[in-house]
Amino acid sequence: MALFTEEEKTLRRIEKRFAKGVVEYGLIEEGDKILIGLSGGKDSLVLVELLARRSRILKPRFSVVAAHVVMRNIPYQSDTDYLRSYADSQGVPFVLYETEFDASTDTRKSPCFLCSWNRRKALFTVAKEQGCNKIALGHHMDDILETLLMNITYQGAFGSMPPRLVMKKFDMTIIRPMCLVHESDLAAIRNYRKQVKNCPYESQSSRSVMKGILHRLEEMNPEARYSLWGSMSNVQEELLPRKNEGGTSR
Numbered sequence: 742m743a744l745f746t747e748e749e750k751t752l753r754r755i756e757k758r759f760a761k762g763v764v765e766y767g768l769i770e771e772g773d774k775i776l777i778g779l780s781g782g783k784d785s786l787v788l789v790e791l792l793a794r795r796s797r798i799l800k801p802r803f804s805v806v807a808a809h810v811v812m813r814n815i816p817y818q819s820d821t822d823y824l825r826s827y828a829d830s831q832g833v834p835f836v837l838y839e840t841e842f843d844a845s846t847d848t849r850k851s852p853c854f855l856c857s858w859n860r861r862k863a864l865f866t867v868a869k870e871q872g873c874n875k876i877a878l879g880h881h882m883d884d885i886l887e888t889l890l891m892n893i894t895y896q897g898a899f900g901s902m903p904p905r906l907v908m909k910k911f912d913m914t915i916i917r918p919m920c921l922v923h924e925s926d927l928a929a930i931r932n933y934r935k936q937v938k939n940c941p942y943e944s945q946s947s948r949s950v951m952k953g954i955l956h957r958l959e960e961m962n963p964e965a966r967y968s969l970w971g972s973m974s975n976v977q978e979e980l981l982p983r984k985n986e987g988g989t990s991r
């Protein structure tokens, strides 16, 4: 009987959860051309490898291309030479796209949100130029659950980042193939070069707080992440507050 190292076990677990997410949420279809948002972080590097391998050996048949967006006015710069050589090693075409944004144009939104949204718009542009019909992002299960908690806490809305989102306005579909992969498994992989991160807006984000809350919930209940995930498809509307449609006059 073959014996696997802990890292090999982790990789097999990641691949299994990745494959389950792709099939369970119908993320890939015959003839798809998928643009991978390659930020330079470990999550997106793993996603490139997983999608590249799947595109070569499994049906449905699809193709992939990786894109890295450089925000010229943000000092968070990845090693683009490494990203290009990494994509090449996986047999994935690489596109480098440069843009910028002005945080003063919309003071209602945080600079972190504006930066993220402008990066996303840049990916839409590249996807159209490359003839892609889908954009794959490296969000994992923890990202999705943290977003759920953030929306409930700060927006008063029960919603998150779905594994599959059709953007009719842009004629594009966003997919998150690692939606069932745990962040702890990704953190345990060591064979990716860590990119230097120096984002001036990172301290303004509430995500790190929600990450701590998610960990605390798991300390209270080891199955908490699965309960939170299940709650998104088990909304019992009859047990939620509902306003009188007619309202009351004063």
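Position one of the sequence shown corresponds to residue 742 (this note's numbering), numbered consecutively onward.
The beta carbon of each residue, even a glycine, is placed where N, CA and C say it ideally should be.
Since the structure is predicted, the reported quantities are computational estimates derived from the model, not experimental observations.
Collapsing the DSSP output to three states places Tyr-823 in a helix. Under the DSSP assignment, Ala-928 falls in the alpha helix (DSSP H) whose first and last residues are 924 to 928. Taking C-beta atoms under 8 angstroms as the contact rule, Val-787 and Val-806 fail to qualify, at a distance of about 17 angstroms. Beta-bridge partners assigned by DSSP to Ser-804: Lys-774.
Judged by their CB atoms, Asn-859 and Thr-840 are nearer to each other than the 8 angstroms cut-off. Within the stretch 894 to 928, the runs of beta strand (DSSP E) at least 3 residues long that lie entirely inside it are, in chain order, 905 to 908, 913 to 916. By the neighbour-count criterion, in which a residue is buried when 16 or more other Cβ atoms sit within 10 angstroms of its Cβ, Lys-783 is buried.
The criterion of a C-beta distance shorter than 8 angstroms is satisfied by Pro-918 and Gly-762. In this structure, the CA atom of Glu-770 is about 7 angstroms from the CA atom of Phe-803.
Excluding its 5 nearest sequence neighbours in each direction, Arg-758 has C-beta neighbours in its own chain below 7 angstroms: Leu-921, Val-922, listed in chain order.
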